[in-house]
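Asker: Residue numbers (our numbering): 57 to 901.
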Amino acid sequence: MRNTWLVLTIMAMGAVVASAQPISKSSYETMVATAEQLVANQDYYNALDWYEKAYDEQEEASIIPIIANLNYKLRDYVKAERWLDRLLRRDKNKEYIQERFLYGRVLKMNEKYDDAIVALQDFISLTSDARLKELAQNEITGAEMAQVMPSNPQGVKLENAGRNVNSPTSEYSPVLTPDGSTMYFAALADTKEVTVIDGKNENYHAHIYSAAKSDKGWEKPAELDESINRPGFHSVNSCLSPDGRRMYFNRIEMTGNIPTSSKIYMSEGGNGSWNSANEVQGVNGDYLALHPAVGELFGKEVLFFVSDMPGGHGGLDIYYATYKGDGVYADPINLGPKVNSVGDEYSPYYHDGTLYFSSDGHPGIGGFDIFYSVWDGSSWSEPKNMGKSYNTSVDDIYFRLDPEGYKGVLTSNREGGRSLKSKTCCDDIYTFEIARLFADLVVGVFDDSKKPILGATVSLVEMVNNAPGTPDGKTMDKGNRFDFGLELEKPYKVVATKEGYYPDSTTFNTVGLTASKTFEHRFFLKPKPVPPPEPELDTISVDQPIVLENILYDFDKDVIKPEAEPDLEVVRGLMEQYPDMRIELSSHTDYRGDDAYNQRLSQARAESARRWLVRNGIARDRIEAKGYGETVPQTVNERIASLNPFLKVGDVLTQKFIDALPTEEEREAANYVNRRTEFKIIAGPTTITIKRTSLRKKPETKTQKSRNSLPGTSARQDTVSVSKMSSLYGVKDLKGVPVMQFEKRVIDLGKVKRGEKREFDFEFTNRGDTPLVIAIVTACECTTTDYSKDAVAPGAKGKIHITFDSTEKEESETIDVDIMLDNETPGTGAPIRELVQYKFDLLEK
Numbered sequence: 057m058r059n060t061w062l063v064l065t066i067m068a069m070g071a072v073v074a075s076a077q078p079i080s081k082s083s084y085e086t087m088v089a090t091a092e093q094l095v096a097n098q099d100y101y102n103a104l105d106w107y108e109k110a111y112d113e114q115e116e117a118s119i120i121p122i123i124a125n126l127n128y129k130l131r132d133y134v135k136a137e138r139w140l141d142r143l144l145r146r147d148k149n150k151e152y153i154q155e156r157f158l159y160g161r162v163l164k165m166n167e168k169y170d171d172a173i174v175a176l177q178d179f180i181s182l183t184s185d186a187r188l189k190e191l192a193q194n195e196i197t198g199a200e201m202a203q204v205m206p207s208n209p210q211g212v213k214l215e216n217a218g219r220n221v222n223s224p225t226s227e228y229s230p231v232l233t234p235d236g237s238t239m240y241f242a243a244l245a246d247t248k249e250v251t252v253i254d255g256k257n258e259n260y261h262a263h264i265y266s267a268a269k270s271d272k273g274w275e276k277p278a279e280l281d282e283s284i285n286r287p288g289f290h291s292v293n294s295c296l297s298p299d300g301r302r303m304y305f306n307r308i309e310m311t312g313n314i315p316t317s318s319k320i321y322m323s324e325g326g327n328g329s330w331n332s333a334n335e336v337q338g339v340n341g342d343y344l345a346l347h348p349a350v351g352e353l354f355g356k357e358v359l360f361f362v363s364d365m366p367g368g369h370g371g372l373d374i375y376y377a378t379y380k381g382d383g384v385y386a387d388p389i390n391l392g393p394k395v396n397s398v399g400d401e402y403s404p405y406y407h408d409g410t411l412y413f414s415s416d417g418h419p420g421i422g423g424f425d426i427f428y429s430v431w432d433g434s435s436w437s438e439p440k441n442m443g444k445s446y447n448t449s450v451d452d453i454y455f456r457l458d459p460e461g462y463k464g465v466l467t468s469n470r471e472g473g474r475s476l477k478s479k480t481c482c483d484d485i486y487t488f489e490i491a492r493l494f495a496d497l498v499v500g501v502f503d504d505s506k507k508p509i510l511g512a513t514v515s516l517v518e519m520v521n522n523a524p525g526t527p528d529g530k531t532m533d534k535g536n537r538f539d540f541g542l543e544l545e546k547p548y549k550v551v552a553t554k555e556g557y558y559p560d561s562t563t564f565n566t567v568g569l570t571a572s573k574t575f576e577h578r579f580f581l582k583p584k585p586v587p588p589p590e591p592e593l594d595t596i597s598v599d600q601p602i603v604l605e606n607i608l609y610d611f612d613k614d615v616i617k618p619e620a621e622p623d624l625e626v627v628r629g630l631m632e633q634y635p636d637m638r639i640e641l642s643s644h645t646d647y648r649g650d651d652a653y654n655q656r657l658s659q660a661r662a663e664s665a666r667r668w669l670v671r672n673g674i675a676r677d678r679i680e681a682k683g684y685g686e687t688v689p690q691t692v693n694e695r696i697a698s699l700n701p702f703l704k705v706g707d708v709l710t711q712k713f714i715d716a717l718p719t720e721e722e723r724e725a726a727n728y729v730n731r732r733t734e735f736k737i738i739a740g741p742t743t744i745t746i747k748r749t750s751l752r753k754k755p756e757t758k759t760q761k762s763r764n765s766l767p768g769t770s771a772r773q774d775t776v777s778v779s780k781m782s783s784l785y786g787v788k789d790l791k792g793v794p795v796m797q798f799e800k801r802v803i804d805l806g807k808v809k810r811g812e813k814r815e816f817d818f819e820f821t822n823r824g825d826t827p828l829v830i831a832i833v834t835a836c837e838c839t840t841t842d843y844s845k846d847a848v849a850p851g852a853k854g855k856i857h858i859t860f861d862s863t864e865k866e867e868s869e870t871i872d873v874d875i876m877l878d879n880e881t882p883g884t885g886a887p888i889r890e891l892v893q894y895k896f897d898l899l900e901k
């Protein structure tokens, strides 16, 4: 089924008709023999006339498929449908398989989409030809698309270029000069409606013309001279360089209606005057080279063209050749299967990073539809159909724009044009104008209390193949409004950031706008929690006793309670950090009770603490356990005085001192201070450094009082813990709210070599009473996140998987991972936000 592009070439050459004289009283055999000879000479018009006369004479079924195919070649789709329907209704044994594909295609071109789908599905079930199956499936997709596609969503104004330009034969390959004042196009040199090819008429070739634009429209065209239109050749398919000083075009030789040679030529000049043309070096060969178009790829000038050279993906493919200089081009390169289909591609045209072309192999609403594909600097996007603003159910080709991109021309055989034979036989040139749409973006940045944020940065990012392009960032020190101009048919992401706030983003696109639009968005940024201060460190010297404030015992017991284990863990860590250190663990009681009893109890408690350390890997001989009973009363230091305002630094808490205190509460508090477990260095390092808060008193969690509890206090019940790295921090009422409790909010990856990838998880539990749903997780470009968007039930666990790529990193860093939930922070209307972090030490490879 590669006749479509051939018939386009035939019709583009002007619907040449050989007028043969009828033979009176011819027999059926004579008529068929005459028709066969005319087909051999590629004179399809007269061949069709003779076949139809023969059928009228004798209804011979064998010539029905020939008549149907000739009508299709000559683009009379109504008659082609009629003859194919007649053929297939008689084809009970389904011998005519390929004609069923043709039938489905002409039904589609006659806008009978449901019937076309049925016919094409029938063809697919019968054929074994993989290529035709693919074409048929694309035709089905196109028919389905045509039924739902809007008629003119872009508001394009399209009209016939007029009688000065268009004749009853075909005009095609129009191109506008850079200033839009002149149009070049191709048409038959002979202006008669019927050109007789009988050996006497030598002026039947197609030539290139120019027509000037006036206030009234296009003026009558003038034929270019022999520097372009060489006698004996069809000179067609012209295009101009961006500056209008070079014209590329085809010189084609034909046998009958079949092109046997087509080469690309170039002429220099401009302003209507052109020098002698020379054959372009590097792109021509033993194949057809058609439809040249100047473009740019990889920062270099290229020449796009169409060819049937071996190695293509369909019939005619689009190629490009890079300009090397001195009029020479590099070897042609096929644009690949994304652009080139199993069918034919036609009339490429490059404008501002976009390639426009026609194809009958991609899903379309007609025969040849106009498509476009965008170049992103390294590859072409999937071709998109230009829609019913430009395409019809028949053939639409030679799409061209003016430099501004709002006006242009195309060629079509749609109904309503001037036609020599059927309503769709011949191509006319059409002009169009696109409504000048605009789109812009207005962004406001506020905090979560709706107050304007000054000094914020808003970045507009064009998304290319779902990946972010180069951001256009603006920072406003005065004001919080940001304005951006937008391009049409683009997807965007906009990101708002401010130091000390969680970033936020949104996405939108300008695809398919039918009217100008201002996009508006307000960001309400949530402040990040203030990071905890750097830890304060204490230096401990030899023989300086340090109280382990969390080592508590039940009354009259020496068993280590769970609350004491964190302090003992600190001591164990210090013993491992300083392997030559020996310590004394001492226990003290208050003065109440028998002296000997208190001595035994304190000794037992000191030994209990030592046993815990020994069980956890510390050598026994490094720990001296000693009970002092009530013999060493505590001397008040700044820490004790700050917790007990009735005491002052230097007070010694003897029995006499305590008994003299005025209240029972103060006396009990002083006895509490005396009851203590301490450690001190007795050998090894002379000083060590420890975080000041490591051994400080932790909140008690048991409700029962013990002899170690302060008077009047009671332990708190366990509650949900909310991190400062959560937007829920400080919220008092957490009813109806999910709470993310992470196993670790900060993960240390340790040493990472540049270029190395690490994968790890932030694991969490929903400690709230409402299902938790993650809306989005964002981090730097070095971080890829993966997470479930399914709800996490209360009490259930979840995780956020992180893949870190260090390739682009230059130094060690702490990376923020921002998490936004679908759930709202109470009282704000803003999404709940959580912050986790990971850090690494970067090593060179």
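In this text, a Cβ means the ideal position worked out from N, Cα and C, and glycines have one as well.
With 16 as the cutoff for other CB atoms within 10 Å, does Ala17 come out buried or exposed?
Answerer: Lying before the first or after the last residue shown, residue 17 is absent from the chain, which here runs from 57 to 901.
Asker: Would you report the Cα separation of Val914 and Gly685, rounded to the nearest angstrom?
Answerer: No answer is possible for residue 914: it lies beyond the span of the chain, which begins at 57 and ends at 901.
Asker: Can you tell me the Cα-Cα spacing of Asn654 and Lys895, whole angstroms?
Answerer: Near 50 Å, if we compare the C-alpha coordinates of Lys895 and Asn654.
Asker: Enumerated in chain order, which unbroken segments of the beta strand (DSSP E) with a length of 3 residues or greater are wholly contained in the segment 430–511?
Answerer: Runs of the beta strand (DSSP E) inside the segment 430–511: 452–457, 463–468, 484–489, 495–503.
Asker: With a Cβ-Cβ cutoff of 8 Å, do Gly328 and Arg301 count as a contact?
Answerer: Taking 8 Å as the Cβ cut-off, Gly328 and Arg301 do not qualify as a contacting pair.
Asker: Would you mind stating whether Phe360 and Gly351 have Cβ atoms separated by less than 8 Å?
Answerer: The answer is yes: Cβ separation under 8 Å.
Asker: Please list, in chain order, all residues of the same chain as Phe713 whose beta carbon is under 7 Å from its beta carbon, the five residues on each side excluded.
Answerer: Cβ within range, chain order: Asp707.
Asker: Name the residue from Ile744, Tyr647, Asn693 whose alpha carbon lies nearest to the alpha carbon of Asn724.
Answerer: The question names Asn, yet the displayed sequence has Glu at residue 724. Minimum Cα distance to Glu724 is reached at Tyr647.
Asker: Who pairs with Arg723 in a beta bridge, going by DSSP?
Answerer: According to DSSP, Arg723 bridges with nothing at all.
Asker: Take Glu890 as the anchor and find which of Ala835, Gly883, Ala847 has the nearest alpha-carbon.
Answerer: Among Ala835, Gly883, Ala847, the Cα nearest to that of Glu890 is on Ala835.
Asker: Count the CB pairs spanning the segment 124–141 and the segment 477–489 that are closer than 8 Å, and state whether there are at least three.
Answerer: Taking 8 Å as the limit for Cβ pairs, the verdict is that the segment 477–489 does touch the segment 124–141.
Asker: Unbroken alpha helix (DSSP H) runs of length 4 or more, entirely within the segment 549–595: which are they?
Answerer: Segments of the alpha helix (DSSP H) lying fully in the segment 549–595: there are none.
Asker: Taking the runs of the alpha helix (DSSP H) that are 4 residues or longer, which of them lie wholly in the segment 325–394?
Answerer: Whole alpha helix (DSSP H) segments, 4+ residues: zero.
Asker: Are the CB atoms of Ser318 and Phe305 nearer to each other than 8 Å?
Answerer: Against a cut-off of 8 Å, the Cβ pair of Phe305 and Ser318 comes out as no contact.
Asker: For the segment 546–561 against the segment 508–518, are there 3 or more C-beta pairs whose distance is under 8 Å?
Answerer: Result yes; three or more Cβ-Cβ pairs closer than 8 Å.
Asker: Which residue wins for smallest C-alpha separation from Asp281, given the options Asn331, Arg145, Asn97?
Answerer: Nearest option by C-alpha distance: Asn331.
Asker: Tell me the residue span of the alpha helix (DSSP H) that contains Lys546.
Answerer: Careful: Lys546 lies outside any alpha helix (DSSP H) and carries neither H nor E.
Asker: Secondary structure at Asn293, three-state DSSP: helix, strand or coil?
Answerer: Asn293 falls in the strand class under three-state DSSP.
Asker: Under three-state DSSP, which class holds Asn257?
Answerer: With a pLDDT of only 46 at Asn257, under 50, the local geometry of the prediction cannot be trusted, and the value read off the model is given with reservation. Three-state DSSP puts Asn257 in coil, outside helix and strand.
Asker: On the DSSP bridge assignment, give the partners of Val892 in chain order.
Answerer: Val873.
Asker: Just list the residues that DSSP pairs Lys809 with in beta bridges.
Answerer: Its beta-bridge partners are Leu899.
Asker: Nearest-angstrom Cα distance between Ser226 and Asp373?
Answerer: Roughly 23 Å between the two C-alpha positions.
Asker: On the three-pair Cβ rule with 8 Å, is the segment 205–224 touching the segment 180–196?
Answerer: Output reads no: the segment 180–196 does not touch the segment 205–224.
Asker: Three-state secondary structure (DSSP) at Gln773?
Answerer: With a pLDDT of 27 at Gln773, under the threshold of 50, the predicted position of this residue should be treated as unreliable, and no value is reported.
Asker: So who's on the other strand from Ser642, going by DSSP bridges?
Answerer: Answer is Lys682, Glu734.
Asker: Taking the alpha-carbon positions, what's the Leu899 to Gly806 distance?
Answerer: If you take the alpha carbons of Leu899 and Gly806, they lie about 10 Å apart.
Asker: Between the Cα of Arg661 and those of Arg732, Glu721, Leu717, Thr691, spot the shortest distance and give me the residue it belongs to.
Answerer: The shortest C-alpha separation from Arg661 is found at Arg732.
Asker: For the structure I just gave you, are there three or more beta carbon pairs, one from the segment 442–450 and one from the segment 462–472, closer than 8 Å?
Answerer: In short, these stretches touch, since the Cβ pair count reaches three.
Asker: At which residues does the alpha helix (DSSP H) containing Asp707 begin and terminate?
Answerer: Counting along the chain, Asp707 falls outside any alpha helix (DSSP H), and DSSP gives it neither H nor E.
Asker: List the endpoints of the continuous alpha helix (DSSP H) containing Asp112.
Answerer: It spans 100–113 - the alpha helix (DSSP H) in which Asp112 sits, taken as one unbroken run.
Asker: Output yes or no for whether 8 Å exceeds the beta carbon distance between His347 and Pro404.
Answerer: Yes. Within cutoff.
Asker: Pull up the CB-CB distance for Ile738 and Glu640, whole angstroms please, since I reckon it's below 8 Å.
Answerer: Contact flag correct, Cβ pair sits at about 5 Å.
Asker: Cutting at 7 Å between CB atoms, please list the residues of its own chain near Ala199, excluding the five before and the five after it.
Answerer: So the list reads Lys164, Tyr169, Ala172, Ile173, once near-sequence residues are dropped.
Asker: Does the beta-carbon distance from Lys506 to Glu438 come in below 8 Å?
Answerer: Not in contact: Lys506 and Glu438 (Cβ atoms no closer than 8 Å).
Asker: Starting from Val778, follow the alpha helix (DSSP H) in both directions and report where the run begins and ends.
Answerer: Where Val778 is concerned, there is no enclosing alpha helix (DSSP H), given that its DSSP letter is neither H nor E.
Asker: Assuming Arg628 and Arg678 are in contact, meaning their beta carbons sit under 8 Å apart, how far apart are those beta carbons, in whole angstroms?
Answerer: Actually they do not touch by this definition, with Cβ atoms about 11 Å apart.
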